[in-house]
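One structure below.
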Amino acid sequence: NENMMKYYLTTAIPYANAAPHIGTAIDYLYGDILLRYQLLRGKQAKLSIGTDEHGTKIEQKAVASGQTPQQLVDQLQPEFQRMRQALELNFGAPLSQIGAELAKQDFTTQNIVNIRTSDPLHVKRVQAIWRRLDQAGVIYKSTYQGWYCSGCEAFVTESEARDHDFTCPGHSRPYEKLSEDNYYLAVSKFTDQLREFIRTAVVPEFRGKELLELLKDGAQDVSISRPADKLSWGVAVPGDPSQVMYVWIDALSNYLTVLGYPDKKWHDDYWPAQVEIVGKDILRFHAIIWPAMLLALGLPLPEKLMVHGFINVDGSKMSKSIGNVVSPLEIIDNYGVDAFRYYFTAHVPTFEDGDFSWDKFESAYNGELANDLGNLLARVIAMIRKYFGGNLSLVSDDNELKDQAETLLGNYKVAMDGLNLHDAVLAIMEYVHELNQYIERSAPWRVAKLEDKAERQARLDQVFSTLVNGLLLVAKYLSPFLPDTAQQLHQAVGGDSVPETTPIIFPKKYLHSESAKHD
């Protein structure tokens, strides 16, 4: 079946009111790793990325800087492109094509499709989606009354307002009593299906349990528009110019509009998405509002929602005021992209909050990447030069670490299929560890001293076949995670002879830690 070959992954589109940060980079990275893994398995895989470009915050920021909202979001695009390029995402097409507007992107040649919600085609498609939701009878008009803080751009409940003496604690200004006519989405109609979806789709399970708790009294209808005089920068509600769509209908639809939905010839063979990657803070929108929209449209629901946590720095939440904000580009510029990709999978649990510190990062870089992996490659190449004159024709299928390889593959596959990137990398690094131990155990330098020439040759062939086959296996399964490194490993030991000069894949670096200077 042709459709069994199709695989669609989505990333949550970041809000384009500032340059991208580590949270955005994690979404991209996880998406890219899963994309590469599916491509490795022979699937026709696509990943969607983008930017969420409407809303009051962007409007206010634009006004403050004397720009139009469109100018502001246009100006940020190169920053997002730079981050995507720095992370070495597998675009499968020139980056300029990925940056193009929807109408100019070539879906068939790209592995990654990009959407901006200010794109005129997206706007047109979202309005068509609204009309379909309306026809399905799930949109109604109602008056909303409540306490509002213009600083937070948010309504608070009566009890919250009372607890704060009717004054916003964050902005020290009184709440305003507002009454608005808004459109609502009848999410409550779908309570049972939403519960079922959350039970089967949310990974990890404990995040789903938190949501089911939220739905214990049933799903609530949500407001999906704002008066145009309160929010002008957004998608106009079809047939009612006095209202503008609230950002969720507009932003969530991107996963479909990037496939061309609801145009006649949309890429429906890629829907439903196999995996939608989201941060834990936006899970409820993806697990409640989004599936309700899809059910109303008569479309199948995504198979899995992969929920990741936040990255703290030195144990504290990143904040500009503490001054502990770490830029992904700074890490990549100093240590290379694969070191970044490694740390945020091997040292960050996929489903929990993670922690970054320069100290931990550098010790992983120098210990695990430079020593365990880089040094392994260098030693094997040096010995092949010494004992075989650099010739790789000795390599047979002989592999004394076959059992360990089967364990690696089993653990790796279970982890990847369970979306647990952390455990998958650890399975590979465990095998790297086995290869290092094998060198000590088999001690080629002692074998080389054996009197009997035939025995010596046979044993050396066996040892180096095991090591070369092991490195090629590591290269293959590491390729979704560390694409450059995998390629270097493959180039070093996958040909007829080893390179003239030994590649140093992770040169030691001590930019941040004193303690590790002389290991």
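In terms of the numbering used here, the sequence shown is residues 425 to 943.
Cβ atoms here follow ideal geometry from the backbone N, Cα and C, with glycine treated the same way.
From a predicted model like this one, the values you see are computed outputs, not experimental measurements.
CA nearest to the CA of residue i, picked from the options
| i | options | result |
| --- | --- | --- |
| LEU825 | ALA802, SER889 and SER781 | SER889 |
| ASP821 | PRO927, HIS710, VAL887 and LYS688 | VAL887 |
| ASP664 | ASN823, ASP827, ALA720 and LYS565 | LYS565 |
| ILE482 | ASP908, ARG765 and ALA440 | ALA440 |
| ALA697 | ASP705, GLY703 and VAL682 | VAL682 |
| TYR599 | ASN606, ASP762, VAL737 and SER574 | SER574 |
| THR909 | LEU800, ASN815 and ALA882 | LEU800 |
| LYS470 | ASN427, ALA510, GLN501 and HIS445 | ASN427 |
| PHE621 | LEU519, HIS691 and PRO726 | PRO726 |
| LEU896 | MET853, ASN790, HIS914 and LEU884 | HIS914 |
Simplified DSSP state of residue i, which is helix, strand or coil
| i | result |
| --- | --- |
| PRO715 | helix |
| HIS732 | strand |
| GLY932 | As written in the sequence, residue 932 is Lys, which differs from the Gly given in the question. If DSSP states are grouped into helix, strand and coil, LYS932 belongs with coil. |
| ASP777 | coil |
| ARG883 | helix |
| ILE522 | helix |
| SER489 | coil |
| ASN860 | helix |
| SER751 | coil |
| LYS741 | strand |
| ASP943 | With a pLDDT of only 46 at ASP943, under 50, the local geometry of the prediction cannot be trusted, and the value read off the model is given with reservation. Looking at ASP943 - three-state DSSP - the assignment turns out to be coil, as it is neither helix nor strand. |
| TYR431 | strand |
| LYS470 | strand |
| PRO724 | coil |
| PRO907 | helix |
| ASP456 | helix |
| TYR685 | coil |
| ARG803 | helix |
| TYR439 | strand |
| ASP796 | helix |
| SER817 | coil |
Backbone CA spacing between residue i and residue j [nearest angstrom]
| i | j | result |
| --- | --- | --- |
| PRO715 | PRO593 | 34 Å |
| ALA745 | MET429 | As written in the sequence, residue 745 is Ser, which differs from the Ala given in the question. Rounded to whole angstroms, SER745 to MET429 spans 48 Å at the Cα level. |
| SER583 | PHE590 | 9 Å |
| ASP674 | GLY570 | 24 Å |
| GLY834 | MET840 | 10 Å |
| THR567 | PRO651 | 11 Å |
| GLY561 | ARG555 | 10 Å |
| HIS942 | LEU935 | Confidence at HIS942 is low in this model, with a pLDDT of 48, below 50, so its placement is unreliable and the value that follows should be read with caution. Each residue's alpha carbon lies about 13 Å from the other. |
| ARG765 | THR532 | 27 Å |
| ASP779 | ASN736 | 5 Å |
| MET717 | PRO724 | 11 Å |
| ALA940 | PRO931 | A caution first: ALA940 carries a pLDDT of 48, below 50, which makes its placement in the model unreliable, though a value can still be read off. Spanning the two alpha carbons is a distance of roughly 14 Å. |
| PHE579 | LYS654 | 13 Å |
| ALA802 | ALA794 | 10 Å |
| ILE701 | LEU843 | 10 Å |
Distance CB(residue i)-CB(residue j) smaller than 8 Å
| i | j | result |
| --- | --- | --- |
| THR541 | ASP476 | yes |
| TYR685 | SER647 | no |
| VAL659 | VAL547 | yes |
| LEU680 | LEU707 | no |
| ILE536 | ILE522 | yes |
| ALA643 | SER612 | yes |
| LEU635 | ALA720 | no |
| VAL898 | TYR855 | yes |
| PRO927 | GLN911 | no |
| VAL626 | LEU458 | no |
| PHE775 | VAL849 | no |
| GLY733 | LYS688 | no |
Practice problem: Kindly provide the ranges of any alpha helix (DSSP H) runs that are 4 or more residues long and lie completely inside the region 556-635, ordered along the chain. | Solution: 582-587 and 615-625
- Message: As an exercise, report each continuous beta strand (DSSP E) stretch of at least 3 residues that is fully enclosed by the region 638-677, in chain order.
- Response: Those beta strand (DSSP E) runs which fall completely within the region 638-677 and span 3+ residues are 649-651 and 664-669.
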